[in-house]
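Enquirer: Residue numbers (this note's numbering): 26 to 408.
1) What span of residues does the beta strand (DSSP E) with residue 27 cover, start to end?
2) Grab me the residues of residue 134's own chain with a C-beta within less than 6 Å of its C-beta, minus the 5 sequence neighbours each way, in chain order.
3) Report yes if the C-beta distance between residue 343 and residue 290 is below 8 Å; otherwise report no.
4) Would DSSP call residue 230 helix, strand or coil?
5) Would you mind sorting residue 354 into buried or exposed? The rule is 16 or more other CB atoms within 10 Å of its CB.
6) Nearest by alpha-carbon distance to residue 371: which of 105, 308, 128, 325 is it?
7) What is the DSSP secondary structure of residue 80, counted as helix, strand or coil?
8) Here's the rule I'm using: 16 or more other beta-carbon atoms within 10 Å means buried, otherwise exposed. How should residue 140 be labelled?
9) On the criterion of 16 or more Cβ atoms from any shown chain inside 10 Å, does residue 239 qualify as buried, or is it exposed?
10) Quick one: residues in its chain with C-beta nearer than 8 Å to the C-beta of residue 252, no 5 flanking neighbours on either side, listed in chain order?
11) For residue 64, which three-state DSSP category applies?
12) For residue 174, which option in 375, 270, 156, 96 has the closest C-alpha, if you only look at C-alpha atoms?
13) May I have the straight-line CA-CA distance separating residue 308 from residue 283, to the nearest angstrom?
14) So the alpha helix (DSSP H) residue 104 belongs to, where does it begin and stop?
15) What span of residues does the beta strand (DSSP E) with residue 150 cover, start to end?
16) By alpha-carbon positions, which one of 201, 214, 215 ends up nearest to residue 224?
17) If you run the structure through DSSP and keep just helix, strand and coil, what is residue 407?
18) Residue 212 lies in the beta strand (DSSP E); which residues open and close that run?
19) Would residue 41 and residue 250 be called neighbours here (beta carbons separated by less than 8 Å)?
20) Say whether the stretch 122-134 touches the stretch 27-47, bearing in mind that this needs 3 or more beta-carbon pairs closer than 8 Å, one atom from each stretch.
21) Got a sec? Which residues, its chain only, sit under 7 Å from residue 123 by beta carbon, not counting five neighbours each side?
22) Taking the alpha helix (DSSP H) that residue 476 belongs to, which residues open and close that run?
23) Counting only runs of 3+ residues fully inside the stretch 277-359, write out the beta strand (DSSP E) ranges in chain order.
24) Assuming contact is defined by CB atoms lying nearer than 8 Å, are residue 285 and residue 166 in contact in what I supplied?
25) Excluding sequence positions up to five away, which residues of its chain have a Cβ less than 7 Å from the Cβ of residue 315?
26) Which class does residue 121 belong to by DSSP, given the choice of helix, strand or coil?
27) List the residues that DSSP assigns as beta-bridge partners of residue 110.
28) Look at the alpha carbon of residue 85 and the alpha carbon of residue 69, and state the distance between them as a whole number of angstroms.
29) On the DSSP bridge list, what partners appear for residue 370?
30) Residues in the same chain with beta-carbon distance under 6 Å from residue 324, minus the five sequence neighbours each way, listed in chain order, please.
31) Within a Cβ cutoff of 7 Å, which residues of the same chain sit near residue 241, ignoring the five residues on either side of it in sequence?
32) Do residue 207 and residue 231 have their beta-carbon atoms positioned less than 8 Å apart in this structure?
33) Excluding five sequence neighbours on each side, which residues of the same chain lie with their C-beta closer than 7 Å to the C-beta of residue 148?
34) Closest to residue 234 by C-alpha separation, out of 144, 89, 351, would be which residue?
35) In the DSSP assignment, find the unbroken alpha helix (DSSP H) run with residue 181 in it and report its ends.
36) Could you check the C-alpha separation between residue 377 and residue 221 for me, to the nearest Å?
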């Protein structure tokens, strides 16, 4: 019997497995044939977040600024102090994390699909397309539509946003400036991005549910606005992102991490940084539980308390901001642009920490000229 079975071989699963496998017998089951494919993430991270993984992925470009385009055409030009983010090769990151987990002793089994599990008094019986395996602990790292999370009952996220992206041939005028667009034309309920790297650009967007159009239709509009001919698109990727958290990230002999646990930044949709913060807490809780032979839900609840203490405030604050944002019409967004298009606001926004993006809200609202103009939108979002 294994000490732990981890469902999912993406970053959430391999980072967790790598930490656990140093002291325990760990198996990772991954339904795809290899790590890193299909790619479902834009791959924009801070240098700090990259350093937390313990591996060095290929860096495609460094981003030192952003042009934020509002529905009426207003452009907010932000220039950061140094490289605020880097665009990484996500496939390369995933594969290096998988190799790192294997080097730590984890057994990664590709092409193995999780079908379900049964928890008994002393074990978890995990059913797959290759049969059944038994473990003392089950870790759900199986992404946005996690079957392990669903097994805990009534454990859906508050909402999903649906994303699509593409890599296309296009040399940008500014190789270190990304473009973000907000509004109903390109990304209702979220935003779009255009991130240059070399002779290429990574474009993409997310949309909320109920837009009346498919993400691919919005992507066609974005490609046209970006000056990209369809024939220059080399690869496409798509997926969905759970926002607003899940009711529980633990159960009897069960823990969840990453998208499966709803550990996603609501403002940006990023999930890699939260993984890095939650995985050590999961590993510590699991190791102590395995050592003391106490893997009950009551004991494992300490994991949820731990990761929420670490990143819960940011996720909760970010979701409150998201609720306000989703209630803004295009006309409202242009009014917001009118309120913040001033030097002191650009200075505040240029100091944004992408790992804690909602942190700029308080200093912005302290400016009475901005706070009073934004107050009606804030009240509407709260109500």
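Glycine residues also receive a C-beta, built at the ideal position from the N, C-alpha and C atoms. Model, not experiment: these values are computed from the prediction.
Expert: Checking against the coordinates, here is how it stands:
1) Along the chain shown, read from residue 1 onward, the residue named residue 27 stands at position 2. Run containing residue 27: 27-32, per the beta strand (DSSP E) assignment.
2) Walking along the chain shown from the start, residue 134 turns up at place 109. Cβ neighbours of residue 134 beyond the five flanking positions: 54.
3) Translated into the one-based positions of the chain shown, residue 343 becomes position 318. Translated into the one-based positions of the chain shown, residue 290 becomes position 265. Yes, these two residues count as a Cβ contact at 8 Å.
4) Reading the chain shown from its first residue, position 205 is the one you call residue 230. Of the three classes helix, strand and coil, the one that applies to residue 230 here is strand, per DSSP.
5) Position 329 of the chain shown, counting from 1, holds the residue named residue 354. Looking at its Cβ environment, which holds fewer than 16 other Cβ atoms inside 10 Å, residue 354 is exposed.
6) For this step, residue 371 is matched to residue 346 along the chain shown. Answer by Cα proximity: 105.
7) Start at 1 with the first residue of the chain shown, and residue 80 comes out as number 55. Here residue 80 sits in coil by DSSP.
8) Translated into the one-based positions of the chain shown, residue 140 becomes position 115. With fewer than 16 other Cβ atoms within 10 Å, it is exposed.
9) Numbered from its first residue, the chain shown carries residue 239 at position 214. In the assembly as shown, residue 239 is an exposed residue. Its beta-carbon has fewer than 16 other beta-carbons within 10 Å.
10) To locate residue 252, count along the chain shown from 1; it is residue 227. 195, listed in sequence order.
11) Here residue 64 corresponds to residue number 39 of the chain shown, with the count starting at 1. DSSP places residue 64 in coil when its eight states are reduced to three.
12) For this step, residue 174 is matched to residue 149 along the chain shown. The shortest Cα separation from residue 174 among 375, 270, 156, 96 belongs to 270.
13) What you label residue 308 is simply residue 283 of the chain shown in a count that begins at 1. What you label residue 283 is simply residue 258 of the chain shown in a count that begins at 1. Approximately 13 Å between the Cα atoms of the pair.
14) In the chain shown, counting from the first residue as 1, residue 104 sits at position 79. Counting along the chain, residue 104 falls outside any alpha helix (DSSP H), though it belongs to the beta strand (DSSP E) covering 100-104.
15) For the purposes of this step, residue 150 is taken as residue 125 along the chain shown, with counting starting at 1. Element bounds for residue 150: 149-153.
16) Within the chain shown, residue 224 is the residue found at index 199, counting from 1. Measuring C-alpha to C-alpha distances from residue 224 to each of 201, 214, 215 identifies 201 as the nearest.
17) As a position in the chain shown, residue 407 is number 382, starting the count at 1. Reliability of the predicted coordinates at residue 407 is poor, the pLDDT of 47 falling under 50, and the value obtained from them is presented with this limitation in mind. In the structure shown, residue 407 sits in a helix (DSSP, three-state: H, G or I).
18) As a first step, residue 212 is located in the chain shown; it is residue number 187 there, counting from the start. Element bounds for residue 212: 212-222.
19) If you number the chain shown from 1, residue 41 lands on position 16. If you number the chain shown from 1, residue 250 lands on position 225. Cβ distance not < 8 Å, so residue 41 and residue 250 don't count as in contact.
20) yes
21) Position 98 of the chain shown holds residue 123. These residues qualify, in order along the chain: 34, 39, 60, 133.
22) Because the chain spans 26 through 408 in this model, residue 476 falls outside it and cannot be assessed.
23) 279-281
24) For the purposes of this step, residue 285 is identified with residue 260 of the chain shown, where counting begins at 1. For the purposes of this step, residue 166 is identified with residue 141 of the chain shown, where counting begins at 1. Cβ atoms of residue 285 and residue 166: closer than 8 Å.
25) Here residue 315 is taken as the residue at index 290 of the chain shown, counted from 1. 28, 49, 161, 162.
26) The count along the chain shown starts at 1 and reaches residue 121 at position 96. Three-state result, residue 121: helix.
27) Working through the chain shown from its first residue, we reach residue 110 at position 85. In DSSP, residue 110 forms a bridge with 88.
28) Taking the chain shown and counting its residues from 1, the one referred to as residue 85 is at position 60. Taking the chain shown and counting its residues from 1, the one referred to as residue 69 is at position 44. Computed Cα separation, rounded: 10 Å.
29) Taking the chain shown and counting its residues from 1, one reaches residue 370 at position 345. Paired residue(s): none; residue 370 is not in a bridge.
30) Your numbering for residue 324 matches position 299 in the chain shown. Contacts found: 314.
31) Mapped onto the chain shown, residue 241 falls at position 216. The answer, listed in chain order, is 189.
32) Reading the chain shown from its first residue, position 206 is the one you call residue 231. Reading the chain shown from its first residue, position 182 is the one you call residue 207. With a cutoff of 8 Å on beta-carbon distance, residue 231 and residue 207 are scored as not near each other.
33) By one-based count along the chain shown, residue 148 stands at place 123. Within the same chain, residue 148 has close Cβ partners 26, 159, 160, 161.
34) The residue labelled residue 234 in the question sits at position 209 within the chain shown. The residue with the shortest Cα to Cα distance from residue 234 is 351.
35) In the chain shown, residue 181 corresponds to position 156, counting from 1. First-last for residue 181: undefined, no H or E at that position.
36) On the chain shown, residue 377 is found 352 positions in, with the first residue counted as 1. On the chain shown, residue 221 is found 196 positions in, with the first residue counted as 1. The straight-line gap from Cα to Cα measures roughly 20 Å.
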